[in-house]
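J.: The opening residue of the sequence shown carries number 170 in the working numbering; numbering runs sequentially from there.
Glycine included, each C-beta is placed from N, C-alpha and C at the ideal position.
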Amino acid sequence: MSCRDLKLLEGQDFIVNTHECDGERFRGLFRQSWDKIPVNARKTILDYWKCRELAPSFELSNLWGDSAHSYAQVIEMGYRMRFNAKSFSIMPEPPALFVIAHELAHVYNWATGTSNALFRSFYEQNTDETEVHEKFDLENEAKADALAVKWEFDKAKMDRFRMLEKMRGFEYACERMTCAPEVELSDEAERES
Ligand SMILES: [Zn+2]
């Protein structure tokens, strides 16, 4: 553990490995998302993380390969969460909270067996392994988004951020959403087109 590693949640032993970057802002955002999630869902996630002998791992860095094109990632069936340090240093609050909620929704869906069942159903229907993974990924992502929306995170702002990023890049999207936080997605699309 390096001196800049942080305790992720109050009252829990989980550590976020920051690889020497400043994780304070990220931790604040993570805790904000966590506190917004219904208490039963939080308990389900905590029980799941604690039921395995090996502690779950949390990383904030740009050392993981997919960080070149992902804000975050959940692997090992919800036991390893990775977050993009560069993205979370400046991403405005609403999309940042949505990304974290989406990742926690993945963990929840592994914890409840939802993702497992989904994978199995595609596996039983298809013989092509690539196709199984593609179909599973698509549906699994949609399920995580839907759950984040159910938990009342703002998908419209997330979509607006993604649209701005796609059209003009990550930094522009951050600036634009900070300067004009309340513009509707449809108005933004019209303005940018
Ligand atoms: Zn996802």
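Do the region 276 to 290 and the region 326 to 345 meet, that is, are 3 or more Cβ pairs less than 8 angstroms apart?
T.: no
J.: Tell me, please, which residues DSSP counts as bridged to Arg249.
T.: Ser226, Ile244
J.: Would Ser284 pass as a contact of Arg249 if the rule is Cβ separation under 7 angstroms?
T.: no
J.: Would you say the beta carbon of Ala317 comes nearer than 6 angstroms to a heavy atom of ligand 1?
T.: A distance criterion of 6 angstroms places the beta-carbon of Ala317 beyond contact range of ligand 1, judged by its closest non-hydrogen atom.
J.: Can you list, in chain order, the stretches of the alpha helix (DSSP H) that have 4 or more residues and sit fully within the region 265 to 305?
T.: Correct list: 283 to 294.
J.: By the DSSP assignment, the alpha helix (DSSP H) with Val352 in it spans what residues?
T.: Here Val352 belongs to no alpha helix (DSSP H), and DSSP marks it neither H nor E.
J.: In whole angstroms, what separates the C-alpha of Ala317 from that of Asp297?
T.: 30 angstroms
J.: State the CB to CB distance for the pair Glu222 and Phe252, rounded to an integer number of angstroms; the pair is presumed to be in contact (CB under 8 angstroms).
T.: 24 angstroms between Cβ atoms; not a contact.
J.: Quick one: is Glu357 buried, meaning 16 or more other Cβ sit within 10 Å of its Cβ, or exposed?
T.: Glu357 comes out buried.
J.: Look up Thr209 in the DSSP assignment and say whether it is helix, strand or coil.
T.: Rather than Thr, the amino acid found at residue 209 in this sequence is Asn. In the structure shown, Asn209 sits in a helix (DSSP, three-state: H, G or I).
J.: Shorter than 6 angstroms, the distance from the beta carbon of Ala313 to the closest heavy atom of ligand 1, or not?
T.: yes
J.: Taking the straight line between their C-alpha atoms, what separation do you get for Ala286 and Gly247?
T.: Rounded to the nearest angstrom, the two C-alpha atoms are 15 angstroms apart.
J.: Tell me whether Glu310, by its Cβ, gets closer than 6 angstroms to a heavy atom of ligand 1.
T.: Yes, ligand 1 has a heavy atom inside 6 angstroms of this Cβ.
J.: Going by beta carbon distance, what residues of the same chain come within less than 6 angstroms of Tyr240, once the five residues before and after it are set aside?
T.: Here the set comprises Asn253, Ser256, Val268.
J.: Please state if the CB of Val301 and the CB of Asn295 are separated by a distance shorter than 7 angstroms.
T.: Yes, Cβ-Cβ distance for Asn295 and Val301 is below 7 angstroms.
J.: Around the Cβ of Ser362, are there at least 16 other Cβ atoms within 10 angstroms (buried) or fewer (exposed)?
T.: exposed
J.: By a C-beta neighbour count over all protein chains shown, 10 Å radius and 16 as the cutoff for buried, is His271 buried or exposed?
T.: buried
J.: Looking at the structure shown, is Asn231 part of a helix, part of a strand, or coil, going by DSSP?
T.: coil
J.: On the premise that Glu321 lies in contact with Lys205, defined as a C-beta separation below 8 angstroms, what is that separation, rounded to the nearest angstrom?
T.: 7 angstroms
J.: Quick check on DSSP: helix, strand or coil for Leu175?
T.: strand
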